[in-house]
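For the record, the sequence lines run as chains A and B.
No gaps in the numbering here: position 70 of the first sequence is 325 in the numbering used here, and each next residue is one more.
No gaps in the numbering here: position 39 of the second sequence is 294 in the numbering used here, and each next residue is one more.
Every residue gets a Cβ at the ideal spot worked out from N, C-alpha and C, and that includes glycine.
Number of protein chains: 2
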Amino acid sequence: MQDGQRIMGRVAMPYDVFAANCPTRLVLDRLADKWALLVLERLRGEAVRFNQLRRDVEGVSQKVLSQTLKRLERDGLVARTVYPTVPVTVEYALTPLGLNLADTVSAFAHWAERNIEAILAAQAAYDGREGAGA
Amino acid sequence: MQDGQRIMGRVAMPYDVFAANCPTRLVLDRLADKWALLVLERLRGEAVRFNQLRRDVEGVSQKVLSQTLKRLERDGLVARTVYPTVPVTVEYALTPLGLNLADTVSAFAHWAERNIEAILAAQAAYDGREGAGA
DNA sequence: TCCATCGGTATCCAAAAGATACTATGTGAC
DNA sequence: GTCACATAGTATCTTTTGGATACCGATGGA
Chain A
256 MQDGQRIMGR VAMPYDVFAA NCPTRLVLDR LADKWALLVL ERLRGEAVRF
306 NQLRRDVEGV SQKVLSQTLK RLERDGLVAR TVYPTVPVTV EYALTPLGLN
356 LADTVSAFAH WAERNIEAIL AAQAAYDGRE GAGA
Chain B
256 MQDGQRIMGR VAMPYDVFAA NCPTRLVLDR LADKWALLVL ERLRGEAVRF
306 NQLRRDVEGV SQKVLSQTLK RLERDGLVAR TVYPTVPVTV EYALTPLGLN
356 LADTVSAFAH WAERNIEAIL AAQAAYDGRE GAGA
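Have a look at this one:
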């Protein structure tokens, strides 16, 4: 399944997302987050300030946005820049690593947009069967 | 905002993941789930039975796996087949729609595997700054 | 003076995740 | 006969998380 990959001459452990103790699980864990995905998608192409982000990503609360950004920053996916303007300005932007990921995330988001109707139809069919059966 | 969408006609794509009331949010919500992603990835290429899945996707509990599969089935991404063998056999497989998505998921998982070291390094750097600064 | 904006933190509560135990049915071992 | 195991889940309980709300200091405008 996973051939041993070598990174910088070092023989790395063959990362396996299915293994409970694999560090890739951490990544998956962090990225399997609605808000993180939306933030990454929103940050594609331009830096955005905190409250702007809060307005654009509808439905996110300050606390959750704050936490999400902090995690993304810790993971090296987002860079936080503080400008000492009069009300302090904080700008968030994708790092190269984050930009790289955001492309994958974008594929995800667009898949959702393309296939939402099929999913809604499947849900309706499923609920119909359940409702009739019960 | 998305008043003009036609279900049958496949006209434009008025869907916007950033809008709180957009149905794509439902998809994102469902898919932004660690276990769902792992299940989809595991189901690529072959049908798997419940307990086998449970063993393969390390760390998942029965309850969560059961819930996850039920949701994926409702979304039309996974098909559930019951064989009336002696201890009943239940097989889960990707639907065409699910397979389509699984390819995107796979890109995600492989991104994680490729970039895990960069992320771990970023985390270490971040934690070092935090530890030293505070 | 009062209220707004900036970028957050603190607090509380509801919802979800996770661990554990249990169900039913049937097989093989002892 | 009955003990233990397998199948595929459900039921229950606890812990963790997510989300809503309130609040913070500083500043500027009506």
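Residues in the same chain with beta-carbon distance under 7 Å from residue i, minus the five sequence neighbours each way, listed in chain order, please.
| i | result |
| --- | --- |
| A302 of chain B | E346, Y347 and A348 |
| R280 of chain B | V272 |
| C277 of chain A | Y270 and D271 |
CA-CA distance, residue i and residue j?
| i | j | result |
| --- | --- | --- |
| R326 of chain A | D382 of chain A | 37 Å |
| A275 of chain B | P339 of chain B | 44 Å |
| R309 of chain A | Q317 of chain A | 7 Å |
| D288 of chain B | R299 of chain A | 22 Å |
| L292 of chain A | L286 of chain A | 7 Å |
| V390 of chain A | V341 of chain B | No information on residue 390 of chain A is available, as it lies outside the stretch 256 to 389 that chain A covers here. |
| V282 of chain A | A357 of chain B | 18 Å |
| F305 of chain B | N355 of chain A | 35 Å |
| Q215 of chain A | R384 of chain A | No answer is possible for residue 215 of chain A: it lies beyond the span of chain A, which begins at 256 and ends at 389. |
| L375 of chain B | A362 of chain A | 24 Å |
| V360 of chain B | T359 of chain A | 9 Å |
| E372 of chain A | Q378 of chain B | 39 Å |
| D284 of chain A | D284 of chain B | 14 Å |
| A380 of chain B | A380 of chain A | 50 Å |
Sorted by chain position, which residues of the same chain lie with C-beta nearer than 8 Å to residue i's C-beta, five sequence neighbours on each side aside?
| i | result |
| --- | --- |
| R335 of chain B | L324, E328, V345, E346 and Y347 |
| V343 of chain A | V337 |
| W290 of chain A | V312, V315, V319, L320 and T323 |
| G388 of chain A | Caution is warranted here: a pLDDT of 48 is assigned to G388 of chain A, below 50, making its placement in the model unreliable, and the coordinate value is therefore given only provisionally. Excluding residues within five positions, none has a Cβ falling inside 8 Å. |
Which bits of chain A does residue i rub up against, with CB to CB less than 9 Å?
| i | result |
| --- | --- |
| E301 of chain B | Per Cβ cutoff of 9 Å: no residues; E301 of chain B is ~12 Å from chain A at best. |
Who are the near neighbours of residue i in its chain, counting only those whose CB is closer than 6 Å to its CB and skipping five residues on each side?
| i | result |
| --- | --- |
| P351 of chain B | none |
| A364 of chain B | E296 |
| L320 of chain A | R309 |
| G353 of chain A | L332 and V333 |
Which residues in chain A sit within 8 Å of residue i, going by Cβ to Cβ distance?
| i | result |
| --- | --- |
| R329 of chain B | A377, Q378, Y381 and D382 |
Strictly below 7 Å CB to CB, what residues from chain A border residue i?
| i | result |
| --- | --- |
| R297 of chain B | F273 |
Can you list the residues of chain B that residue i reaches, using a CB-CB cut of under 8 Å?
| i | result |
| --- | --- |
| L293 of chain A | V272, F273 and L283 |
For this session: Please confirm if the segment 312-331 of chain B is in contact with the segment 357-368 of chain B, defined as three or more CB-CB distances below 8 Å between the two stretches.
Result: no
Exercise. Listed in chain order, which residues of the segment 312-323 of chain B have Cβ atoms closer than 7 Å to some Cβ of chain A?
Worked result: V312, E313 and G314
Problem set entry | Residues within the segment 360-373 of chain A neighbouring chain B, beta-carbon criterion of under 7 Å | A362, F363, A364, W366, A367, E368, N370, I371, E372 and A373
Problem set entry | Residues of the segment 274-289 of chain A with Cβ closer than 9 Å to any Cβ of chain B, in chain order | A274, A275, N276, C277, P278, T279, R280, L281, V282, L283, D284, R285, L286, A287, D288 and K289
For this session: May I ask you to list, following chain order, the residues of the segment 334-356 of chain B that have a beta carbon less than 7 Å from some beta carbon of chain A?
Result: L352 and L356
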